[in-house]
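If you read the sequence shown in this note's numbering, its first letter stands for residue 20, the second for the next number, and so on. All C-beta atoms, glycine included, are put in the ideal place defined by N, C-alpha and C. For reference, the structure discussed in these notes is given below.
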Amino acid sequence: MSPEKFNVTTEIVERLISEQFPHWSNEVVKPVDKGGWDNGTFHLGDDKLIRLPSAEYYVAQVAKEQTWLPKLAPQLPLPIPTPLAQGSANSEYPWPWSIYNWIDGAPANEQNITDMDQFADDLAGFMKVLQQASTDDAPPAGQHNFFRGGDFSIYEKQSRHSIEALEDRIDGEAMTQIIDDAVASSFDDTPVWVHGDIAPGNLLVKDGQLSAVLDFGCCAIGDPACDLVITWTFFTGSARDAFRNAFDSDQATWQRARGWACWKAMLVLQNPDATNAPEAVNSMRVVEDVIAER
Numbered sequence: 020m021s022p023e024k025f026n027v028t029t030e031i032v033e034r035l036i037s038e039q040f041p042h043w044s045n046e047v048v049k050p051v052d053k054g055g056w057d058n059g060t061f062h063l064g065d066d067k068l069i070r071l072p073s074a075e076y077y078v079a080q081v082a083k084e085q086t087w088l089p090k091l092a093p094q095l096p097l098p099i100p101t102p103l104a105q106g107s108a109n110s111e112y113p114w115p116w117s118i119y120n121w122i123d124g125a126p127a128n129e130q131n132i133t134d135m136d137q138f139a140d141d142l143a144g145f146m147k148v149l150q151q152a153s154t155d156d157a158p159p160a161g162q163h164n165f166f167r168g169g170d171f172s173i174y175e176k177q178s179r180h181s182i183e184a185l186e187d188r189i190d191g192e193a194m195t196q197i198i199d200d201a202v203a204s205s206f207d208d209t210p211v212w213v214h215g216d217i218a219p220g221n222l223l224v225k226d227g228q229l230s231a232v233l234d235f236g237c238c239a240i241g242d243p244a245c246d247l248v249i250t251w252t253f254f255t256g257s258a259r260d261a262f263r264n265a266f267d268s269d270q271a272t273w274q275r276a277r278g279w280a281c282w283k284a285m286l287v288l289q290n291p292d293a294t295n296a297p298e299a300v301n302s303m304r305v306v307e308d309v310i311a312e313r
């Protein structure tokens, strides 16, 4: 269950800026369209972004991004957010928060991508370079990133409960086998960097091409299988094949990736408020596609 969100208003953010960064106090603060769940997000002028954790659950992401994004950025082939400043709590807002550079672009969707196969190949290329980045002193998967990159067995019990809850909507026998396979597989290689939330909303498109990757709040080092779920959540047909073929991953890695994809999809399908929402429709497609190809 997601934690209750702190209501971060424009007025609170304006006062935080005025108190802590007065040299930016004349710049307009306004909410970002379609901001994320983990953070309240606001424009600061035309070239900066403010991100404030929406619950204590997400506070650890602030220091992690402040520390690691500047180290990762020079090693990566596409722009990622650059921390410009870190704010602190005050009487109105209880946690640390960050100011980043603003990166132009629109969240990825099927309409704004010129060549989906090329987009899949470009994303795979970015992810492979990320996996090669230096891991010296890097944070292992854990509570701070909801165990993305950790052992899938952490979510085994929740996945099996989901299968029971959805028994009248999905092929429970097939899904049980998918979860069994994911749990039986283990990651025994050297940990690599994972983004932790490779999703269309965190992938920017400009001039029809992948132009930047955002939101590293769930990053850590560990098993890259969790980052492969976009194989089913976004790609279809030849683009899915292109993305999959770009990785030299063994069968066990794909077993774990299918487990991660189905775990999240089943959670969405259990939300009574999302029965006919686009996210629920897509989650059912993910479940059906994973079952069909097993």
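Contact under 7 Å by Cβ, residue i with residue j
i      : j      : result
Ser257 : Asp136 : yes
Val81  : Gly59  : no
Ala193 : Ile310 : yes
Ile36  : Val232 : no
Gly168 : Asp52  : no
Ala127 : Pro219 : yes
Gly191 : Ile182 : yes
Trp121 : Lys49  : no
Thr272 : Ala244 : yes
Val300 : Ile189 : no
Tyr119 : Trp282 : no
Thr252 : Arg263 : no
Gln85  : Ala201 : no
Glu38  : Leu63  : no
Asp208 : Asn221 : no
Asn166 : Ala157 : Looking at the sequence provided, one finds Phe at residue 166 rather than Asn. The answer is no: Cβ separation not under 7 Å.
Rounded C-alpha distance that separates residue i from residue j
i      : j      : result
Asn164 : Val213 : 10 Å
Phe25  : Trp114 : 11 Å
Met20  : Val287 : At Met20 the pLDDT is 49, less than 50, meaning the model places this residue with poor confidence and gives no usable figure here.
Tyr77  : Ile132 : 31 Å
Gly144 : Ala265 : 8 Å
Asp65  : Gly124 : 13 Å
Asp155 : Pro102 : 20 Å
Ala92  : Ala152 : 10 Å
Pro89  : Asp187 : 48 Å
Met303 : Phe254 : 14 Å
Pro297 : Leu247 : 21 Å
His180 : Ala276 : 19 Å
Gln196 : Phe206 : 19 Å
Cys237 : Trp87  : 12 Å
Glu312 : Phe138 : 23 Å
Asp216 : Pro210 : 17 Å
Val32  : Trp56  : 17 Å
Gly227 : Asp260 : 20 Å
Thr29  : Gln130 : 31 Å
Asp292 : Val224 : 30 Å
Ser107 : Arg34  : 12 Å
Gln270 : Gly278 : 13 Å
Ser44  : Gln289 : 44 Å
Integer Cβ distance of residue i from residue j, believed to fall under 8 Å
i      : j      : result
Asp141 : Leu229 : 4 Å
Ala74  : Glu111 : About 16 Å; that fails the 8 Å criterion.
Trp116 : Leu71  : 4 Å
Phe61  : Ala104 : Actually they do not touch by this definition, with Cβ atoms about 14 Å apart.
Met285 : Ser172 : Between Ser172 and Met285 the Cβ distance is about 16 Å, and since that is not below 8 Å, they are no contact.
Below-7 Å beta-carbon distance, residue i vs any chain D residue
i      : result
Glu192 : As a matter of chain content, chain D is missing from the structure shown, which is built from one protein chain.
Residue span of the beta strand (DSSP E) that contains residue i, given as start and end
i      : result
Lys24  : Run containing Lys24: none; DSSP gives neither H nor E here.
Thr60  : Asn58 to Leu63
Ser257 : No beta strand (DSSP E) contains Ser257, which is instead part of the alpha helix (DSSP H) from Gly256 to Asn264.
Asn221 : Segment: none, Asn221 is in no beta strand (DSSP E) and carries neither H nor E.
Trp251 : Counting along the chain, Trp251 falls outside any beta strand (DSSP E), though it belongs to the alpha helix (DSSP H) covering Ile249 to Thr252.
Ser230 : Gln228 to Val232
Gly191 : No beta strand (DSSP E) holds Gly191; the alpha helix (DSSP H) holding it covers Gly191 to Ala203.
Val48  : Val48 to Pro50
Trp212 : Val211 to Val213
Alpha helix (DSSP H) segment containing residue i, residue limits
i      : result
Val81  : Ala79 to Leu91
His180 : Glu175 to Ala184
Lys283 : Gln270 to Leu288
Leu71  : Counting along the chain, Leu71 falls outside any alpha helix (DSSP H), though it belongs to the beta strand (DSSP E) covering Lys67 to Pro72.
Ser117 : First-last for Ser117: Trp116 to Asn120, but that is the beta strand (DSSP E), not the alpha helix (DSSP H).
Ala299 : Pro297 to Glu312
Ala6   : In the structure as shown, the chain starts at 20 and stops at 313, and residue 6 therefore has no counterpart that could be examined.
Gly241 : Careful: Gly241 lies outside any alpha helix (DSSP H), inside the beta strand (DSSP E) at Ala239 to Gly241.
Phe138 : Met135 to Gln151
contact_flag[the segment 79-96, the segment 141-160] where n(CB pairs < 8 Å) is 3 or more: Touching, per the Cβ criterion.
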